[in-house]
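Notes for the one structure printed next.
Number of protein chains: 2
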Amino acid sequence: MTSSIGERVQCEALLRKLVPVEEAVRHVRSGDVLAVSGFTKAGEPKAFLPALARHLAGLPDARISVYSGASLSEEVEAPLAPFIARRGPYMASAASRRLIHAGKMDYADAHLSHFARGLMYGFYGDIDLAVVEVSRIRPDGSVVLSASVGVSAEALARARAVVLEVNTAIPDFTGMHDIVLPPAPPTIGWPVPVTGVRDRIGLPYVLFDPSRVVAVVESRQPDFPVAFRAGGATCDAIAGHVLAFLGECRDRFGWHHWVPPLQSGVGNIANAVISGLARSPFQRLHFWTEVFQEGLLDLVADRDRFAGASASAMSLADTEPTRVEALIRAARGDLVLRPMWMSNNPEIITRLHVVAMNTPLEVDIYGHANSTHVGGSRVVNGLGGSGDFFRNAYLSVAHTPSIRTLRDGRTVSCVLPYVNHVDHTEHDIKCIVTEHGYATNFGIRSPRARAREIIDRCAHPHFRPLLHDYVTMAGDGDEPRLLAMDRLEGWWRDYDAACAAFPGEPGGAPHGH
Amino acid sequence: MTSSIGERVQCEALLRKLVPVEEAVRHVRSGDVLAVSGFTKAGEPKAFLPALARHLAGLPDARISVYSGASLSEEVEAPLAPFIARRGPYMASAASRRLIHAGKMDYADAHLSHFARGLMYGFYGDIDLAVVEVSRIRPDGSVVLSASVGVSAEALARARAVVLEVNTAIPDFTGMHDIVLPPAPPTIGWPVPVTGVRDRIGLPYVLFDPSRVVAVVESRQPDFPVAFRAGGATCDAIAGHVLAFLGECRDRFGWHHWVPPLQSGVGNIANAVISGLARSPFQRLHFWTEVFQEGLLDLVADRDRFAGASASAMSLADTEPTRVEALIRAARGDLVLRPMWMSNNPEIITRLHVVAMNTPLEVDIYGHANSTHVGGSRVVNGLGGSGDFFRNAYLSVAHTPSIRTLRDGRTVSCVLPYVNHVDHTEHDIKCIVTEHGYATNFGIRSPRARAREIIDRCAHPHFRPLLHDYVTMAGDGDEPRLLAMDRLEGWWRDYDAACAAFPGEPGGAPHGH
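So this is what it looks like as structure tokens:
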């Protein structure tokens, strides 16, 4: 399985730049802006970044900026976090989160499709160094990426200097990628000619100026696995309602045997939905999504079910190289890995009529969703692609358990009168699903009428009377909101009491992302 | 100027369906769903709708649903409002607003691009009757629309029955429109081949099945004019800052002589911006916008300045037919009127790198904007196309006066700690502008840092200390929000006191939309 570095670096000029990683990291100076490969733990520079942390620890007060595709693994991000002054556009690191909330790291999330374009537009300034994991360097210096694309192509196009991390332990991913850069002003864009999930419109490798490569390093570390979380009764119930909603839409909107391409998030609810689809009447499933994940593997094996997938990353629960190589052999041609400006492209999401399914932290009775900030103030991970998909999908489905048990043992409602951070508005979500049922948003109905339906179908029965009380107390208007502070305080007091009085439920209230 | 009905109805079969409007309205029964032409007062059925109101007044408890493109004139909507059970996706009618807030009319706004697609997708159910103003019926029964497109083509495609209102008082608009329908599932979409504001990809008329026409009526009523509101010192200051921002972007992002296509809202701030552009160093201005409005007329006359415009409606302050005809003669070829799924199409807005400029009701310190609901509960007009443009623009600019004077004489801040209805999130707005300055959102900065900038540059100086206090009181987290009800109540009490103590300003605080 493992290749030699000579087999993977076919460009003589670049092979001569091969250095130990401890030497390569010396190219980074305090103040530098780094754009690195990596998306949902897949394809990140697993040798360079930890070595960089050790290097920076030896410099006085070193601080850098780090941009990635989406999340890096905690194994890679935690050691580096103390040296990161600015981080974007997405992270899922407990270490970074602590620093962000302590005001020691500036963090700005963004729609992933916007971020990739913004890099090319110059919105994020100059990039000093791109650090990109590749599975092969071609004779002309162009590179074949690995398990993710993210912003690797933009980073290679824009950075002043480049470090290539050649991973000889992973399979050669040649043929998995479709690489094209977003057009930037003053160049006017062009219609992106993708009309199917398996379409390819770019190159299977990244063309860039190899004279900017300052170092090549070798890595033998496979991707860190992404935990596969099986669902429980709650997830299965949610999945059942999602399938019922899709069945209703099939009948109501005349799909016949057509099934829209699916986007699904990562986590136990998403896994339960995928698992439910595999047993459903829906045949020939297409996925236009961000992450090709463990839960899709059973489907790929079933040629009657699986008709192709597009993603920006392949994040698996078991990244053992021979297993990954077998998957690549089986899926090449049916699975395309794309830059995130393409995987999350509004133009394509709308055109293909994607069904988007994601799990916000909480929703409100009028159909707004909070995907990022617990209690309004504290970011969990970031917006990611949820907005790209929810806003532009044919059908956008927000699924969440109706309740959540906090670390202190209290049980809270995931359906609230209002959310303290709005990431998705009432206009961007067509269906809200919990384990109790689903509420749709088709046609003309008043926000009041929609609120009644969300409360009665989606909220946990324990909290329904209180939520109805809120609407009544809020008074008139088309979308009544209670602004009188004294009465609002009273409502939240009653709510806290209801949380404390929540009766135990068998199976508890897991929360999936 | 005025044509005879025989000149305008070139299809014999349809000319035979010409009836007095009082007869045509009898096709409407209680419970019917009507989709009508009209967008920002332009091209609405000005004979049919008032006659329909009189007809419905004679029926017991008659209630109908009315869909339009965007707003209808109050002249047309007010008489009909008492009979409307469901209304969407946009209105600007005081009569409807009263009924909506009284719970007597169900209203749901939507992104305009979503609404047009939703009509075709079946999300809004069956349409019983399309009522569309046209300037000409062609020999084969296809129709040339008038001063707006909106959802007229979708209405004609989907409705069970059709009434055509031929307006013989207005000019023949032949050659102004570019008509194409959005693809609907299970048909997969195609790349929309528009790469310039003047591109045409469809037909200059609407093809549909003329056997569904149940009546043709004649109208001689020109469009009701849209008030042209000149700015004052506040608007001029805002326009100055918008131009400074554009100048900064030109230098920073390497535009050279290129100027991005512009979208601008309707109202006094927009007019001041357009007027400022006309005197600016920016040459060859393109507009990719919703409404071609009065403020653009001076530009059209200046061939060095004006390079073309695309809109869904032409809404003028003076609709005298010979004047409109002269404009059409001058602008045909440079001005294209499109269906609103095209004028507001995310794919095209992104591709052309549009600069979007709109006025929300209020913004918050973290960069979220409320475009729809005063005090959270009461809708003003609706979302319209603000989300289509803000989310997908190259640069999105939210401009608003820093303060507003209410009817009761109190002066409030348009920059608040949080808004009670979020229509646009912090991720969708690149620049906030008031008469005091502008704050941008480029690169990675913490929400705290952005808040400081928005407060110091955009908020009225009278309110700045209070807004900084809020951030301090809100404590930790990356985007601090004060949730403790007692302290929040204290903050709002201090704010109310500050509003009451606001010193008078020369020129007052106008608020434009």
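Protein chains in written order, with my numbering: chain E, 175 to 687; chain U, 175 to 687.
The C-beta atom is built at its ideal place from N, Cα and C for all residues, glycine as well.
Exercise. Relative to the C-alpha of Ser115 of chain E, which residue among E:His430, E:Cys423, E:Gly406, E:Pro434 is closest?
Worked result: Here chain E has residues from 175 to 687 only, and residue 115 of chain E is not among them.
Exercise. Apart from the five residues on each side of it in sequence, which residues of its chain come closer than 7 Å, Cβ to Cβ, to Pro680 of chain U?
Worked result: In this predicted model, Pro680 of chain U has a pLDDT of only 49, less than 50, meaning its place in the structure is not dependable enough to derive any value.
Exercise. Okay, do the region 422 to 432 of chain U and the region 347 to 367 of chain E touch, 3+ Cβ pairs below 8 Å being the bar?
Worked result: Proximity of the region 422 to 432 of chain U to the region 347 to 367 of chain E meets the contact definition, three or more beta-carbon pairs being nearer than 8 Å.
For this session: Quick one: grab the DSSP three-state call for Gly115 of chain U.
Result: In the structure displayed, chain U extends from 175 to 687; residue 115 of chain U sits before or after that span and is not available.
For this session: Round the Cβ separation of Ser211 of chain E and Gly324 of chain E to the nearest angstrom and send it over; I've been treating them as touching at under 8 Å.
Result: Ser211 of chain E to Gly324 of chain E, Cβ: 6 Å. Contact.
Problem set entry | DSSP three-state assignment for Cys605 of chain U, whether helix, strand or coil | Looking at Cys605 of chain U - three-state DSSP - the assignment turns out to be strand.
Exercise. Who are the Cβ neighbours of Pro378 of chain U in its own chain at under 6 Å, not counting the five residues just before and after it?
Worked result: Excluding residues within five positions, the ones whose Cβ falls inside 6 Å are Gly349, His351.
Problem set entry | Cross-chain neighbours of Ala550 of chain U in chain E, by beta carbon under 7 Å | The identity of residue 550 of chain U in the sequence shown is Gly, whereas the question assumes Ala. Near Gly550 of chain U (Cβ distances below 7 Å), the residues of chain E are Arg655, Leu657.
Problem set entry | Backbone secondary structure at Thr646 of chain U - three-state DSSP | In the structure shown, Thr646 of chain U adopts helical secondary structure according to DSSP, grouped into three states.
Exercise. Closest Cβ-Cβ distance between Val529 of chain U and chain E: below 8 Å?
Worked result: Output row for Val529 of chain U: interface = no.
Exercise. When you check each C-beta in the region 405 to 438 of chain U against every C-beta of chain E, which residues fall closer than 8 Å?
Worked result: Result list: Arg426, Phe427, Gly428, Trp429, His430, Trp432, Pro434.
Problem set entry | Exposed unless 16 or more other CB atoms sit within 10 angstroms - verdict on Asp670 of chain U | Counting other Cβ atoms within 10 Å of its Cβ, Asp670 of chain U stays below 16 and is therefore classed as exposed.
Exercise. Nearest to Pro399 of chain U by CA position, among U:Glu249, U:Val593, U:Tyr644, U:Leu459, is which residue?
Worked result: With distances taken between Cα atoms, Pro399 of chain U lies closest to U:Glu249.
Exercise. Taking Cβ to Cβ, would you say Thr546 of chain E is nearer than 8 Å to Asp597 of chain E?
Worked result: Taking C-beta atoms as the reference points, Thr546 of chain E and Asp597 of chain E count as a pair closer than 8 Å.
Exercise. Alpha carbon to alpha carbon, how far is Gly421 of chain U from Arg228 of chain E?
Worked result: A straight-line Cα-Cα distance of about 43 Å links Gly421 of chain U and Arg228 of chain E.
Exercise. What does Asn555 of chain E touch in chain U if you count any residue whose Cβ is under 9 Å from its own?
Worked result: Here the premise fails: no neighbours, minimum Cβ distance about 12 Å.
Exercise. Taking the continuous alpha helix (DSSP H) assigned at Val447 of chain U, which residues delimit it?
Worked result: Start and end: 442 to 452.
Exercise. Would the region 535 to 542 of chain E and the region 574 to 593 of chain E be scored as touching if the rule is three or more Cβ pairs under 8 Å?
Worked result: Note that the region 535 to 542 of chain E touches the region 574 to 593 of chain E; at least 3 beta-carbon pairs, one per stretch, sit closer than 8 Å.
Problem set entry | Touch test, the region 646 to 665 of chain E against the region 659 to 670 of chain U, Cβ-Cβ under 8 Å, three pairs minimum | Note that the region 646 to 665 of chain E touches the region 659 to 670 of chain U; at least 3 beta-carbon pairs, one per stretch, sit closer than 8 Å.
For this session: Pick helix, strand or coil for Pro120 of chain U, following the three-state DSSP scheme.
Result: There is simply no residue 120 of chain U to check, as chain U begins at 175 and stops at 687 in what is shown.
For this session: Identify which residue in E:Leu569, E:Ala625, E:Phe297 has its Cα closest to the Cα of Gly296 of chain U.
Result: Here the closest residue by C-alpha is E:Leu569.
For this session: Please state whether DSSP places Lys215 of chain E in a helix, a strand or coil.
Result: In the structure shown, Lys215 of chain E falls within a coil segment according to DSSP collapsed to helix, strand and coil.
Exercise. Nearest to Phe402 of chain E by alpha carbon, out of E:Leu192, E:Ile311, E:Val391, E:Asn442?
Worked result: Answer by Cα proximity: E:Asn442.
Exercise. Along chain U, in chain order, which residues have C-beta atoms closer than 8 Å to that of Ile362 of chain E?
Worked result: Chain order gives the chain U residues near Ile362 of chain E as Thr369, Gly370, Arg525, Leu526, His527, where near means a beta carbon separation below 8 Å.
Exercise. Distance, Cα to Cα, His687 of chain U vs Thr533 of chain U?
Worked result: For His687 of chain U, the predicted structure reports a pLDDT of 35, less than 50, and the residue's modelled location is therefore unreliable. A value from the coordinates is still provided. Straight-line Cα distance between these residues: approximately 6 Å.
For this session: Compare the C-beta of Pro359 of chain U with all C-beta atoms of chain E and state if any pair is closer than 8 Å.
Result: Pro359 of chain U counts as touching chain E.
Exercise. Hey, Val207 of chain E and Glu653 of chain U: beta-carbon distance below 8 Å or not?
Worked result: In this structure, Glu653 of chain U does not lie closer than 8 Å to Val207 of chain E by Cβ.
For this session: Below 8 Å CB to CB, which residues in the same chain sit around Arg334 of chain E once its five sequence neighbours on both sides are set aside?
Result: The residues Asp300, Ile301, Asp302, Leu303, Arg386, in chain order, have a CB closer than 8 Å to that of Arg334 of chain E in the same chain once the five nearest residues on each side in sequence are set aside.
Problem set entry | One or two residues paired with Asp538 of chain U in a DSSP bridge | Asp538 of chain U pairs with U:Leu590.
Problem set entry | chain U residues whose Cβ lies nearer than 9 Å to that of Pro520 of chain E | The contacting residues are Pro520, Glu521, Thr524, Arg565, Asn566.
Exercise. In terms of residue numbering, what span does the beta strand (DSSP E) encompassing Met294 of chain U cover?
Worked result: Under the DSSP assignment, Met294 of chain U falls outside any beta strand (DSSP E), being part of the alpha helix (DSSP H) whose first and last residues are 286 to 295.
Problem set entry | Chain-ordered residues of the region 319 to 349 of chain U with a beta carbon less than 9 Å from chain E | Within the region 319 to 349 of chain U, contact with chain E at the beta-carbon level (separation under 9 Å) is assigned to no residue.
Exercise. Looking at C-alpha atoms only, which residue of U:Gln467, U:Leu641, U:Leu473 is the closest neighbour of Phe456 of chain U?
Worked result: Here the closest residue by C-alpha is U:Leu473.
Problem set entry | Distance, Ala613 of chain E Cα to Ser517 of chain U Cα | Take the alpha-carbon of Ser517 of chain U and the one of Ala613 of chain E: they are about 31 Å apart.
Problem set entry | Reduced DSSP category for Ser489 of chain U - H, G, I as helix; E, B as strand; rest coil | Three-state DSSP puts Ser489 of chain U in a strand.
Exercise. Can you list, in chain order, the stretches of the beta strand (DSSP E) that have 3 or more residues and sit fully within the region 192 to 263 of chain U?
Worked result: Listed in chain order, the complete beta strand (DSSP E) runs (minimum 3 residues) inside the region 192 to 263 of chain U are 207 to 210, 238 to 241, 258 to 262.
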